[in-house]
Structures are given as structure tokens and as C-alpha cells.
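Report on the following structure.
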Amino acid sequence: MGIGNRFDRGPAGPFLHCPFLLFIPLNFMPQPHLNAVATAVPSHSRHGEFLTSLPFWVRPESTAERLRGISANAAIAERRTVLEHPLGPPGSGAFYEYGGFPSTARRMEVFKKEAPLLACQAVDALAGKYGGLEGITHLIVTTCTGFYAPGLDIDIIIHRSLPPTVKRTIIGFMGCYAALTGLRQARETVLSDPSARVLMVNVELCSLHLQETELFDRLVSFCLFADGAAASLITSEASGLRLDNCFSALSLTDADRMAWMVEDQGFAMTLDARVPVRIRQFLARHPQAAGGCAEAGPDDVWALHPGGRLILDALQGHYRLTDRQMEVSRSVLRDFGNMSSATIMFALERLLEQAGPESRQGHALAFGPGLTVEGADFTVLPVS
2 MGIGNRFDRG PAGPFLHCPF LLFIPLNFMP QPHLNAVATA VPSHSRHGEF LTSLPFWVRP
62 ESTAERLRGI SANAAIAERR TVLEHPLGPP GSGAFYEYGG FPSTARRMEV FKKEAPLLAC
122 QAVDALAGKY GGLEGITHLI VTTCTGFYAP GLDIDIIIHR SLPPTVKRTI IGFMGCYAAL
182 TGLRQARETV LSDPSARVLM VNVELCSLHL QETELFDRLV SFCLFADGAA ASLITSEASG
242 LRLDNCFSAL SLTDADRMAW MVEDQGFAMT LDARVPVRIR QFLARHPQAA GGCAEAGPDD
302 VWALHPGGRL ILDALQGHYR LTDRQMEVSR SVLRDFGNMS SATIMFALER LLEQAGPESR
362 QGHALAFGPG LTVEGADFTV LPVS
């Protein structure tokens with residue numbers, strides 16, 4: 002859309018006959034910025050408990066051994082969950098009692114209780130970091146781990162006493178890349194209305210969807226996933242990360258390699274072991290699908306979705322990134338595991354915290370069912 006079209010207001014529009022607007026350079030137009038990110042995780046640390054519980058509910062024993070091996074090499078030190086007592090024998094009161102995992106309805110009851118608490122914790126942290134959230138005009142919420150209505154969007158509005166006229170969008174069930182989809186929508190909103198102030202919230206309770214199954218592809222994902230939330234502010238104010246470009250691409254030939262399905266006992270994840278290889282092959286065949294990533298410089302910064310160690314290894318090899326360029330993404334994986342859509346925002350938060358006196362070019366990439374590649378090119382603005 003051209004500059005003139007962006008400001009047209011119809012045949013009688015006030016800008017239609019103003020020739021000066023047609024010659025305004027793009028760098029004088031207000032640009033969307035990711036001003037601040039704040040994150041939150043539950044207080045219950047259960048990564049070790051999950052690993053020690055495997056022999057009690059995973060069959061056959063050889064599968065439990067394989068999962069232990071995967072976990073030992075996953076480069077994850079900790080994962081958090083909203084579940085205080087996640088696993089235990091029948092009669093223990095655990096959420097997952099061996100031989101009788103809960104129904105989807107029961108899992109959604111917990112989501113309805115816990116998701117808004119974690120989401121609002123992240124929003125409150127954002128308000129404290131940025132000095133308030135006055136004037137919010139738009140709210141975008143992403144989640145793929147639970148739903149109810151009236152939903153998370155309304156709970157957040159009530160919690161923060163936001164105006165009832167806030168324009169709300171829920172991006173649901175897109176998976177790990179949804180935060181970048183939300184960021185793309187926020188960018189387009191600010192481009193169309195430079196006065197817009199967009200609050201984006203990403204909350205995922207992946208620990209609610211453990212599966213008692215013998216299908217290995219469904220079990221392996223739970224060596225990786227955890228709970229977490231992020232809240233972000235996107236406006237035209239020149240601070241934080243300038244959102245230069247957003248992009249999305251789809252590898253339909255790999256559509257069956259990753260799936261997320263609603264079933265009677267929770268949401269079931271299928272994760273093909275070749276996903277990291279297929280992502281790398283797709284990016285090699287279609288370098289233009291990933292925005293400016295293929296032309297990135299040696300000093301560029303990167304936020305890569307920490308979907309797992311093998312995905313990060315594949316991306317590091319494909320783009321020939323240094324260990325220093327990978328540190329942010331690998332540290333998020335180490336400290337929190339994969340929190341689906343919220344995870345990439347943890348990485349962007351760390352990049353913002355590392356901003357220095359010089360601007361830096363950067364790139365963000367995330368992946369999910371489809372097989373989808375979603376990303377953004379950005380500039381980290383200098384701070385004094």
C-alpha cells in the first residue's frame with residue numbers, strides 16, 4: 002500500500018488533494034516499535050520430577066529409556082508448571098494419576114483458573130517495567146493450550162481496568178510461532194494508525210497436555226514443553242526494537258510432520274524427529290521466505306524460537322551463526338524449556354536488555370504446524 006493510499010479517507014477525504022503527503026519519505030513516517038517485553042513463569046519447578054516419573058506411566062520401559070536419553074541431551078536445565086502436584090500414583094491427588102490421566106474438560110478447568118493469573122502477572126510486570134499501560138487501544142492474545150469464553154482477553158481488560166472499547170483479537174491454536182503472528186498484526190495496526198498502542202499477551206500452559214500413550218512422537222514433545230507468559234507493548238514511539246519487516250511462509254510438503262489436535266484426554270502433539278532437518282532444507286530451498294535472514298551480517302543479533310536443541314543446532318548451521326549469536330536463544334531453552342508461543346518473546350526480552358549505545362540489526366524466527374515459518378527483521382535501537 003502506498004503512502005497516499007494509507008492516508009486516503011475516500012472521495013471526500015481531507016488528504017486526497019494534498020500533494021505534499023505523496024512525497025513524504027518513508028523514514029519520516031512513524032514506524033512500529035516493540036517498546037518493551039516482560040515475562041512470567043509459574044513458581045513450580047518440575048523438570049526433574051517429570052524425568053523420575055517416566056517408569057511409572059510410560060510403557061514399554063524401552064520408551065521410558067529413550068525419553069530419558071532425549072531429556073539428558075535436550076540442553077534444558079529447568080521447566081516450570083502451574084501444577085503443584087503434577088504426577089503420582091492413583092489416589093495421590095496428583096493432576097496426572099498413573100493409569101487415569103484427566104479429561105480435556107478437566108484440563109480446561111485448570112487453564113481457565115491458572116492462565117489468566119499467569120497472563121496478568123506478565124502484564125503487571127510490563128506495566129512496572131514501562132511505567133504504566135495508559136492509552137491501550139488494541140489487545141492481542143495468543144494461546145494454543147486452552148480456551149474459554151468470555152476469555153483471556155476480557156480477563157486481562159478487567160484486571161488492568163482497560164477501556165471496554167479496546168479492540169481485541171485472540172490468535173488461537175497456531176502454535177509456537179503465534180507470538181510473531183501477533184507481532185505482525187500489531188505492526189500492521191500501528192502502520193495504519195500511528196496513535197495505536199497495542200498490548201500483546203502470550204500465555205501457554207503446555208504442562209496441561211501430557212499424554213498417557215505408547216505413541217513415541219506424542220511423548221517426545223513433553224521432554225521439551227513448559228508453562229510461561231509474556232506481555233509486550235507495540236507503538237510508534239521510537240524505543241526498543243524497530244519492527245522493520247515481518248514475514249510468513251508455509252512448507253505444505255511437511256504439513257504432516259507437526260500436529261496439535263484436540264482429543265478426549267487433552268491436546269495431542271505429534272512431533273516428527275525430522276522437523277529440524279526439514280526446516281533447514283526448506284530455508285535452503287527458499288531463502289527469500291525468511292525475510293532478511295539470508296543476508297544477515299556477522300554482527301546481527303538473533304532471536305530463534307527455542308523449540309529444542311536440534312532445531313537451534315540446525316539453524317545455527319544453516320545461517321553459520323556464532324555461539325555468541327546463539328546465546329540468547331540457547332539460554333532461554335536452558336532456563337525455561339519450550340513454552341510454545343511465549344518462548345520467542347523471552348528471547349526478545351533478553352535482546353532488549355542487552356541493547357547498547359549502537360543500533361544493531363536483528364532477526365527473529367519461529368516455527369509450528371503447517372509447517373510454518375514466521376519471522377521478523379528488526380533494529381535494536383541504541384540506549385545511553
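Residue numbers (this note's numbering): 2 to 385. By construction, the Cβ of each residue, glycine as well, lies at the ideal position given by its N, Cα and C atoms.
Buried or exposed, going by whether 16 or more other CB atoms sit within 10 Å of the CB of residue i?
i, result
"residue 40", "buried"
"residue 81", "buried"
"residue 101", "exposed"
"residue 230", "buried"
"residue 74", "exposed"
"residue 54", "buried"
"residue 2", "In this prediction, residue 2 scores a pLDDT of 38, lower than 50, which makes its location untrustworthy; the coordinate-derived value is nonetheless stated afterwards. Classification of residue 2: exposed, given that the 10 Å Cβ count is below 16."
"residue 341", "buried"
"residue 297", "buried"
"residue 372", "buried"
"residue 197", "buried"
"residue 60", "exposed"
"residue 262", "exposed"
"residue 10", "Confidence in residue 10 is poor, its pLDDT being 38 and thus under 50, which makes the residue's placement unreliable; the coordinate value appears in the next sentence. So residue 10 counts as exposed."
"residue 286", "exposed"
Going by beta-carbon coordinates alone, are residue i and residue j separated by less than 8 Å?
i, j, result
"residue 235", "residue 364", "no"
"residue 356", "residue 330", "no"
"residue 179", "residue 201", "no"
"residue 136", "residue 370", "no"
"residue 110", "residue 45", "no"
"residue 169", "residue 134", "no"
"residue 153", "residue 43", "no"
"residue 256", "residue 374", "no"
"residue 98", "residue 89", "yes"
"residue 302", "residue 352", "yes"
Which residues in the same chain as residue i place their Cβ atom closer than 6 Å to its Cβ, once the five residues preceding and following it in sequence are excluded?
i, result
"residue 387", "Here the chain covers residues 2 to 385 and nothing more, so residue 387 does not appear."
"residue 232", "39, 123, 124, 127, 202"
"residue 350", "38, 40"
"residue 366", "305, 376"
"residue 113", "149"
"residue 327", "317"
"residue 343", "203, 205, 229, 230, 231"
"residue 172", "143, 179, 182, 183"
"residue 48", "79, 80"
"residue 211", "97, 223"
"residue 56", "65"
Per DSSP, which residues does residue i bridge with? Please list them.
i, result
"residue 116", "Answer is none; residue 116 lacks a bridge partner."
"residue 207", "Paired residue(s): none; residue 207 is not in a bridge."
"residue 246", "378"
"residue 268", "263"
"residue 97", "88"
"residue 226", "339"
"residue 362", "380"
"residue 130", "Paired residues: none, contrary to the question."
"residue 172", "143"
"residue 102", "Answer is none; residue 102 lacks a bridge partner."
"residue 368", "374"
"residue 202", "142, 232"
Smallest Cα separation from residue i: which of the options?
i, options, result
"residue 282", "147, 61, 263, 251", "251"
"residue 277", "312, 210, 161", "312"
"residue 266", "117, 209, 185", "209"
"residue 68", "196, 216, 319", "216"
"residue 139", "130, 146, 129, 155", "155"
"residue 333", "182, 227, 279", "227"
"residue 62", "299, 325, 104, 214", "214"
"residue 288", "141, 319, 335, 58", "319"
"residue 299", "279, 286, 325, 132", "325"
"residue 163", "130, 199, 189", "199"
"residue 130", "36, 254, 60", "36"
"residue 321", "295, 337, 87, 91", "295"
"residue 159", "132, 121, 141", "121"
"residue 275", "254, 323, 58", "254"
"residue 310", "284, 337, 58, 358", "337"
"residue 269", "58, 87, 76, 174", "174"
"residue 50", "87, 141, 58", "87"
For residue i, collect the residues of the same chain with a Cβ closer than 8 Å to its Cβ; drop the 5 residues on either side in sequence, then sort them by chain order.
i, result
"residue 380", "242, 243, 245, 360, 361, 362, 363"
"residue 31", "191, 195, 237"
"residue 314", "277"
Go through its chain and collect everything with a Cβ distance to residue i's Cβ below 7 Å, but skip five positions before and after it.
i, result
"residue 308", "177, 339, 368"
"residue 271", "218, 219, 259, 260"
"residue 273", "218, 258, 259"
"residue 71", "221, 224"
"residue 206", "83, 112, 115, 116, 146, 147, 228"
"residue 239", "34, 382"
"residue 104", "265, 266"
"residue 94", "86"
Is there a Cβ of chain B sitting closer than 8 Å to that of residue i, yes or no?
i, result
"residue 83", "Any reference to chain B falls outside this structure, which holds one protein chain only."
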